[in-house]
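S.K.: One structure, pasted below without further comment.
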Amino acid sequence: MRSKTRVSTSVSVTSSWFTYRLRRRGGGDERDVSFNLRPHAFKDQLRICGVARESMAETSVARDLVGYGARGFDPKWPGGKKLALQFVLNYEEGGENCLLNGDAASEHLLSDIVGAAPYVGQRHMNMESLYEYGSRAGFWRLHRAFTERSIPLTVYAVGLALEKNTQAAQAMKDAGWEVASHGYRWIDYQNVDEATEREHIRKTVAIHEKLLGKRPVGIYQGKPNVNTRRLVVEEGGFLYDADAYNDDLPYWNMQFGRPHLVIPYTLNNNDMKFVSAQGFNSGDQFFTYLKDAFDVLLAEGRAGQPKMMSVGLHCRVVGHPGRIAALLRFLDYVQSFQDVWICKREDIAHHWYKTHYPQAASASKL
1 MRSKTRVSTS VSVTSSWFTY RLRRRGGGDE RDVSFNLRPH AFKDQLRICG
51 VARESMAETS VARDLVGYGA RGFDPKWPGG KKLALQFVLN YEEGGENCLL
101 NGDAASEHLL SDIVGAAPYV GQRHMNMESL YEYGSRAGFW RLHRAFTERS
151 IPLTVYAVGL ALEKNTQAAQ AMKDAGWEVA SHGYRWIDYQ NVDEATEREH
201 IRKTVAIHEK LLGKRPVGIY QGKPNVNTRR LVVEEGGFLY DADAYNDDLP
251 YWNMQFGRPH LVIPYTLNNN DMKFVSAQGF NSGDQFFTYL KDAFDVLLAE
301 GRAGQPKMMS VGLHCRVVGH PGRIAALLRF LDYVQSFQDV WICKREDIAH
351 HWYKTHYPQA ASASKL
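For what it's worth, UniProt numbering labels the leading residue of the sequence shown as 1, then goes sequentially.
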């Protein structure tokens with residue numbers, strides 16, 4: 001018979017800090033979890049953080065449908081900037097499903113063969129070739145686009161993909177780009193067991209250290225499961241994860257015993273719509289969509305509620321000449337604004353730890 005679990009909370013005031021304590025009893029354990037918050041942030045942070053939890057049953061990870069709410073939240077971007085803009089390049093080619101990687105079927109997602117079916121027990125030669133375009137040609141076209149303009153970039157890099165193209169890994173390093181973890185494989189981790197996923201996280205960190213000279217501080221598993229964020233927190237070396245799409249600002253997650261930063265990503269301002277149903281049919285549509293999003297968010301920032309804008313890119317998608325022209329126009333457009341902070345995701349993470357860390361103690365990770 002399953003034992004009942006009771007959760008009690010208490011709030012105390014010490015000087016200018018609130019201490020929020022959660023006590024969990026039942027299920028054979030007793031545990032206190034506490035964190036400190038300044039009064040002006042107390043209600044907001046409790047609402048967005050939730051409470052620490054231990055059980056990882058499917059129903060145990062709470063949802064938050066409120067977020068920052070009607071009042072919003074001032075990110076206090078450096079220099080008083082009104083919008084934080086960051087670009088993400090997904091480097092996945094070579095890490096996708098393929099019989100040569102020991103997989104049971106071929107890849108079927110995110111290519112110019114829209115609606116492709118996986119070939120069980122067979123190689124899909126056209127699919128493999130479409131992915132190869134990304135690492136052979138598309139990557140270098142995007143590399144030139146960003147380095148020639150000196151625009152900061154974050155790369156979500158699949159560990160196995162980095163191992164298969166060390167020239168690209170070296171180019172990322174030489175460019176000074178942030179290279180975040182995108183998992184060891186570009187696969188769906190929904191049904192991957194916990195031990196395997198933990199090993200994949202560890203293995204990818206080791207690949208980064210070997211090829212790039214340092215570990216990743218960010219992670220975007222891409223297709224996570226209910227265990228993923230807990231495993232990321234337990235690993236202990238990540239400043240943030242990006243496996244969320246639920247806000248225009250970063251936020252703290254407190255479900256696993258300490259503040260963990262989530263910097264939401266986007267499937268919206270994303271070139272993947274070139275290769276999805278009802279997506280972009282031309283570069284003009286891509287440019288217009290990005291420009292409209294940028295203009296609205298910048299206007300909101302100038303009106304007193306600054307936000308963050310993410311743009312997602314893929315070597316095998318926007319790396320084609322007929323698509324990258326629109327991206328180049330957008331890059332040139334956004335560089336003309338003086339009140340926009342174009343940055344890497346790790347820059348946002350460092351800013352959030354320094355400016356919005358929810359505990360009185362200094363952030364030891366910086």
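Beta carbons are placed, not taken as given, at the ideal position from N, Cα and C, and that holds for glycine. As the structure is a computational prediction, the values presented were derived from the model and not from experiment.
In whole angstroms, what separates the C-alpha of Ile324 from that of Gly257?
M.R.: As a working note, residue 324 is residue 324 in the sequence shown. As a working note, residue 257 is residue 257 in the sequence shown. Taking the straight line joining both Cα atoms gives about 43 Å.
S.K.: Counting only the same chain and skipping the five closest in sequence on each side, list residues whose C-beta sits under 6 Å from that of Ser212.
M.R.: For the purposes of this step, residue 212 is taken as the residue at position 212 of the sequence shown. Looking at the sequence shown, residue 212 is not Ser but Leu. Excluding residues within five positions, the ones whose Cβ falls inside 6 Å are Lys173 and Val179.
S.K.: Counting only runs of 4+ residues fully inside the segment 304–330, write out the alpha helix (DSSP H) ranges in chain order.
M.R.: As far as the segment 304–330 is concerned, it has no whole alpha helix (DSSP H) run of at least 4 residues.
S.K.: Can you tell me which of the three DSSP states Val275 falls into?
M.R.: Position 275 of the sequence shown, counted from the start, is the residue given in the question as residue 275. Three-state DSSP puts Val275 in a helix.
S.K.: Spatial neighbours of Ala195 within its chain, please: C-beta separation below 6 Å, excluding the five flanking residues on both sides.
M.R.: For the purposes of this step, residue 195 is taken as the residue at position 195 of the sequence shown. Excluding residues within five positions, none has a Cβ falling inside 6 Å.
S.K.: Between Ile201 and Leu231, which are expected to be in contact by the criterion C-beta below 8 Å, what is the C-beta distance as a whole number of angstroms?
M.R.: Against the sequence shown, residue 201 aligns to sequence position 201. Against the sequence shown, residue 231 aligns to sequence position 231. So it is a contact: roughly 6 Å between Cβ atoms.
S.K.: Under 6 Å Cβ to Cβ from Phe87, same chain only, skipping five residues before and after it: list those, please.
M.R.: Taking the first residue of the sequence shown as position 1, residue 87 is located at position 87. Closer than 6 Å at the Cβ level, and outside the excluded window around Phe87, lie Leu153 and Val311.
S.K.: Just to confirm the assignment: which complete alpha helix (DSSP H) runs, minimum length 4, are found wholly within the segment 186–237?
M.R.: Counting whole runs of 4 or more residues, the segment 186–237 contains the alpha helix (DSSP H) stretches 194–212 and 228–235.
S.K.: Compute the Euclidean distance between the alpha carbons of Val275 and Lys81, then round it to the nearest angstrom.
M.R.: The residue you call residue 275 lines up with position 275 of the sequence shown. The residue you call residue 81 lines up with position 81 of the sequence shown. Cα to Cα, Val275 sits roughly 34 Å from Lys81.
S.K.: Does Arg71 pass the burial test, meaning 16 or more other C-beta atoms within 10 Å, or should it be called exposed?
M.R.: Taking the sequence shown and counting its residues from 1, the one referred to as residue 71 is at position 71. Exposed.
S.K.: Comparing C-alpha positions only, which one of Val233, Phe238, Val262 and Leu239 sits nearest to Asn246?
M.R.: The residue labelled residue 246 in the question sits at position 246 within the sequence shown. The residue with the shortest Cα to Cα distance from Asn246 is Val262.
S.K.: Provide the residue span of the alpha helix (DSSP H) that contains Leu297, from first to last.
M.R.: For the purposes of this step, residue 297 is identified with residue 297 of the sequence shown, where counting begins at 1. Leu297 -> alpha helix (DSSP H) spans Gly283 to Arg302.
S.K.: Roughly how many whole angstroms lie between the Cα atoms of Arg136 and Gly283?
M.R.: One-based indexing of the sequence shown puts residue 136 at position 136. One-based indexing of the sequence shown puts residue 283 at position 283. Going from the Cα of Arg136 to the Cα of Gly283 covers about 22 Å.
S.K.: In its own chain, which residues sit with a C-beta less than 6 Å from the C-beta of Ala242, not counting the 5 before and 5 after it?
M.R.: Along the sequence shown, read from residue 1 onward, the residue named residue 242 stands at position 242. Cβ neighbours of Ala242 beyond the five flanking positions: Tyr220, Ile263 and Tyr265.
S.K.: Starting from Ile342, follow the beta strand (DSSP E) in both directions and report where the run begins and ends.
M.R.: Stepping through the sequence shown from its first residue, residue 342 is reached at position 342. First-last of the beta strand (DSSP E) with Ile342: Val340 to Ile342.
S.K.: So, using beta-carbon positions, are Val158 and His182 closer together than 7 Å?
M.R.: As a working note, residue 158 is residue 158 in the sequence shown. As a working note, residue 182 is residue 182 in the sequence shown. Yes, the Cβ-Cβ distance between Val158 and His182 is below 7 Å.
S.K.: Assuming Ile348 and Met308 form a contact by the criterion Cβ under 8 Å, report the distance between their Cβ atoms to the nearest whole angstrom.
M.R.: Taking the first residue of the sequence shown as 1, we reach residue 348 at position 348. Taking the first residue of the sequence shown as 1, we reach residue 308 at position 308. The Cβ separation is near 7 Å, so the contact holds.
S.K.: If you measure between the beta carbons of Pro250 and Trp77, is that distance less than 7 Å?
M.R.: Start at 1 with the first residue of the sequence shown, and residue 250 comes out as number 250. Start at 1 with the first residue of the sequence shown, and residue 77 comes out as number 77. Against a cut-off of 7 Å, the Cβ pair of Trp77 and Pro250 comes out as no contact.
S.K.: Pop quiz: residue 369 and Ala84 are said to be a contact at Cβ under 8 Å. What is the actual Cβ separation, rounded to whole angstroms?
M.R.: In the structure as shown, the chain starts at 1 and stops at 366, and residue 369 therefore has no counterpart that could be examined.
S.K.: Could you say which of Gln338, Trp352 and Cys315 lies nearest to Asp271 if we only look at CA atoms?
M.R.: To locate residue 271, count along the sequence shown from 1; it is residue 271. For the residues Gln338, Trp352 and Cys315, the minimum Cα distance to Asp271 belongs to Cys315.
S.K.: Tell me the rounded alpha-carbon separation between Met125 and Val318.
M.R.: Working through the sequence shown from its first residue, we reach residue 125 at position 125. Working through the sequence shown from its first residue, we reach residue 318 at position 318. If you take the alpha carbons of Met125 and Val318, they lie about 21 Å apart.
S.K.: Who are the near neighbours of Leu328 in its chain, counting only those whose CB is closer than 7 Å to its CB and skipping five residues on each side?
M.R.: For the purposes of this step, residue 328 is identified with residue 328 of the sequence shown, where counting begins at 1. Cβ within range, chain order: Ala145.
S.K.: Exposed or buried, Ala161, counting other C-beta atoms within 10 Å across all chains shown (16 or more means buried)?
M.R.: The residue given as residue 161 occupies position 161 in the sequence shown. Label assigned to Ala161: buried.
S.K.: Just the Cα atoms here: how many angstroms apart are Asn268 and Arg215?
M.R.: On the sequence shown, residue 268 is found 268 positions in, with the first residue counted as 1. On the sequence shown, residue 215 is found 215 positions in, with the first residue counted as 1. Going from the Cα of Asn268 to the Cα of Arg215 covers about 28 Å.
S.K.: If we ignore side chains and look at the alpha-carbon of each, how far apart do Asn90 and Tyr357 end up?
M.R.: Indexing the sequence shown from 1 puts residue 90 at position 90. Indexing the sequence shown from 1 puts residue 357 at position 357. Using only the alpha carbons, I get a separation of about 28 Å.
S.K.: Please classify Gln167: does DSSP put it in a helix, a strand, or coil?
M.R.: One-based indexing of the sequence shown puts residue 167 at position 167. Three-state DSSP puts Gln167 in a helix.
S.K.: Return the first residue and the last residue of the alpha helix (DSSP H) that Phe139 is part of.
M.R.: Residue 139 sits at position 139 when you count from the first residue of the sequence shown. Phe139 to Arg149 is the span of the alpha helix (DSSP H), which, as asked, contains Phe139.
S.K.: Taking the DSSP output, what are the residues bridged to Tyr245?
M.R.: Counted from its first residue, the sequence shown places residue 245 at position 245. Answer is none; Tyr245 lacks a bridge partner.
S.K.: Whose C-alpha, out of Val120, Gly304 and Gly237, is nearest the C-alpha of Leu100?
M.R.: Within the sequence shown, the letter at position 100 stands for residue 100. Ranking the options by Cα distance to Leu100, first place goes to Val120.
S.K.: Could you compute how far the alpha carbon of Gly102 sits from the alpha carbon of Ile187?
M.R.: Taking the sequence shown and counting its residues from 1, one reaches residue 102 at position 102. Taking the sequence shown and counting its residues from 1, one reaches residue 187 at position 187. Each residue's Cα considered, the two are about 12 Å apart.
S.K.: Classify Val61 as helix, strand or coil using the three-state DSSP reduction.
M.R.: By 1-based counting over the sequence shown, the position of residue 61 is 61. Val61: coil per DSSP, three-state reduction.
S.K.: Is Leu261 helix, strand or coil when you go by DSSP?
M.R.: Locating residue 261 in the sequence shown gives position 261, counting from the first residue. Reduced to three states, the DSSP call for Leu261 is strand.
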